[in-house]
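Chemist:
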Amino acid sequence: MHDPKAPPTSGLAETLTGNRKSPEFGWLFAITLAVVLAIVGYQNLIHPNLFPKRFGVVVPGEIYRSGKLTTAALAKVIGEHDIKTVIDLGAWVVDTPENRRASQREQETVEALGAQRFVFQLIGDATGDPNDYAEALRLMIDKNNWPLLVHCGAGTERTGCVVALYRMHTEGMSLKEAYAEAERAGHSEKRNPHLRKVLETWSSPILESLQTGEPIPWSGEPKR
Numbered sequence: 001m002h003d004p005k006a007p008p009t010s011g012l013a014e015t016l017t018g019n020r021k022s023p024e025f026g027w028l029f030a031i032t033l034a035v036v037l038a039i040v041g042y043q044n045l046i047h048p049n050l051f052p053k054r055f056g057v058v059v060p061g062e063i064y065r066s067g068k069l070t071t072a073a074l075a076k077v078i079g080e081h082d083i084k085t086v087i088d089l090g091a092w093v094v095d096t097p098e099n100r101r102a103s104q105r106e107q108e109t110v111e112a113l114g115a116q117r118f119v120f121q122l123i124g125d126a127t128g129d130p131n132d133y134a135e136a137l138r139l140m141i142d143k144n145n146w147p148l149l150v151h152c153g154a155g156t157e158r159t160g161c162v163v164a165l166y167r168m169h170t171e172g173m174s175l176k177e178a179y180a181e182a183e184r185a186g187h188s189e190k191r192n193p194h195l196r197k198v199l200e201t202w203s204s205p206i207l208e209s210l211q212t213g214e215p216i217p218w219s220g221e222p223k224r
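The sequence shown begins at 1 in full-length UniProt numbering and counts up by one.
1) Per the DSSP calculation, GLY56 is bridged to which residue(s)?
2) From the DSSP output, in three-state form, read off GLN116 for me.
3) Could I get the ranges of all uninterrupted alpha helix (DSSP H) runs contained in the region 76 to 157, with 4 residues as the minimum, in chain order?
4) Look at CYS161 and VAL119 and say whether their C-beta atoms are less than 8 Å apart.
5) Output the distance between the C-alpha atoms of THR71 and ASP132, rounded to the nearest integer angstrom.
6) Since LEU139 and ILE206 should fall inside the 8 Å C-beta cutoff, what is the C-beta to C-beta distance between them, to a whole number of angstroms?
7) Using alpha carbons as the reference points, say which of THR201, ARG184, SER188 lies closest to PHE55.
8) Mapping DSSP to helix, strand and coil, what is PRO4?
9) With a CB to CB cut of under 7 Å and the five nearest residues on each side skipped, what residues in its chain are close to PRO52?
10) DSSP three-state label for TRP218, please.
11) Quick one: Cα of HIS187 to Cα of GLY114, how far?
12) Within 10 angstroms of the Cβ of THR170, are there 16 or more other Cβ atoms? Answer buried if so, exposed if not.
13) Verify whether the separation of the beta carbon atoms of ILE123 and GLY90 is less than 8 Å.
14) In angstroms with no decimal places, state the Cα-to-Cα distance between GLU177 and MET168.
15) What's the gap between the Cα of GLN116 and the Cα of ASN192?
16) Find out if the Cβ-Cβ distance for the pair ILE63, PRO130 is shorter than 8 Å.
17) With burial defined as no fewer than 16 other Cβ atoms inside 10 Å of the residue's Cβ, what is the status of THR96: buried or exposed?
18) Would DSSP call GLU208 helix, strand or coil?
19) For HIS194 versus ASP125, is the C-beta spacing smaller than 8 Å?
As structure tokens, this is what we get:
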């Protein structure tokens, strides 16, 4: 007999309730959960170690690029490409205990594998002291540092900027051509308009500083 005080129950709710109680539903739920956990585990724990984040070749045998790497991925890249120098443009620039530990692990890995590491403090949207770009570029064109890996966090903004500067300096690329390479490597002007502005504002002073050795006057002005 229907209880007038009981809330109405839809057919769908009854079906779901019944399914939850069935052995078939329990097995299906367990299998689905296992698959989801396996995918998440692969994406977060296995894939970053097997496939270095945004790894790319700038000049074969000389200069390579990437985002920040796990210890295993960094060791893989250094070993496979005989990397002598790692240039970190600021992958761990945000000062947190986790980032300090990650930066220390990177330093220890690089040293253990017989390479050297240079660290700069550029910001994730490619802004920061243009003198850092000039110094990073100076390291990149020094044959004594090859083969080298240059990286930031995502591998698209700061790395895209310094690679663009490298192309402009060594290959005579126009700013437009060099910027297009940054876009092909994952940069999006819609997401981050600052990279283009950095190149438009600072590429000439940076390249001039590279030639003269003179520091670039910079006041740390805010973004516009």
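For glycine and all other residues, C-beta sits at the position ideal for the given N, C-alpha and C. Just so it is clear, the structure is predicted and the values come from calculations on it, not from any experiment.
Modeler: With the given structure in hand:
1) Counted from its first residue, the sequence shown places residue 56 at position 56. Its beta-bridge partners are ARG65.
2) Position 116 of the sequence shown, counted from the first residue, corresponds to residue 116. The answer is strand: DSSP assigns GLN116 an E or B state.
3) 97 to 112, 130 to 140
4) One-based indexing of the sequence shown puts residue 161 at position 161. One-based indexing of the sequence shown puts residue 119 at position 119. No, Cβ-Cβ distance for CYS161 and VAL119 is not below 8 Å.
5) Here the question's residue 71 lines up with position 71 in the sequence shown. Here the question's residue 132 lines up with position 132 in the sequence shown. Their Cα atoms are separated by approximately 25 Å.
6) What you label residue 139 is simply residue 139 of the sequence shown in a count that begins at 1. What you label residue 206 is simply residue 206 of the sequence shown in a count that begins at 1. Not quite, the Cβ-Cβ distance comes to about 13 Å (not below 8 Å), so this is no contact.
7) As a position in the sequence shown, residue 55 is number 55, starting the count at 1. Taking only the C-alpha atoms, the option nearest PHE55 is ARG184.
8) Reading the sequence shown from its first residue, position 4 is the one you call residue 4. Summary for PRO4: the model assigns pLDDT 49, below 50, so the residue's position carries little reliability; its value from the coordinates is reported in the next sentence. In this structure, PRO4 counts as coil in the three-state DSSP scheme.
9) One-based indexing of the sequence shown puts residue 52 at position 52. These residues qualify, in order along the chain: SER66, LEU69, ALA73, LYS76, VAL77.
10) In the sequence shown, counting from the first residue as 1, residue 218 sits at position 218. TRP218: coil per DSSP, three-state reduction.
11) The sequence position of residue 187 within the sequence shown is 187, counting from 1. The sequence position of residue 114 within the sequence shown is 114, counting from 1. For HIS187 and GLY114, the distance between alpha carbons rounds to 32 Å.
12) Residue numbering aside, residue 170 sits at position 170 when the sequence shown is read from its first letter. THR170 should be labelled exposed.
13) Looking up residue 123 in the sequence shown gives position 123. Looking up residue 90 in the sequence shown gives position 90. Yes, these two residues count as a Cβ contact at 8 Å.
14) Numbered from 1 along the sequence shown, position 177 holds the residue referred to as residue 177. Numbered from 1 along the sequence shown, position 168 holds the residue referred to as residue 168. So the two alpha carbons sit approximately 9 Å from each other.
15) In the sequence shown, counting from the first residue as 1, residue 116 sits at position 116. In the sequence shown, counting from the first residue as 1, residue 192 sits at position 192. So the alpha carbons of these two residues sit roughly 31 Å apart.
16) If you number the sequence shown from 1, residue 63 lands on position 63. If you number the sequence shown from 1, residue 130 lands on position 130. Their beta carbons are not under 8 Å apart, which means ILE63 does not touch PRO130 by this criterion.
17) Position 96 of the sequence shown, counting from 1, holds the residue named residue 96. By the neighbour-count rule (16 or more Cβ atoms within 10 Å), THR96 is not buried but exposed.
18) For the purposes of this step, residue 208 is taken as residue 208 along the sequence shown, with counting starting at 1. It is helical.
19) The residue you call residue 194 lines up with position 194 of the sequence shown. The residue you call residue 125 lines up with position 125 of the sequence shown. A contact, by the Cβ cut-off of 8 Å.
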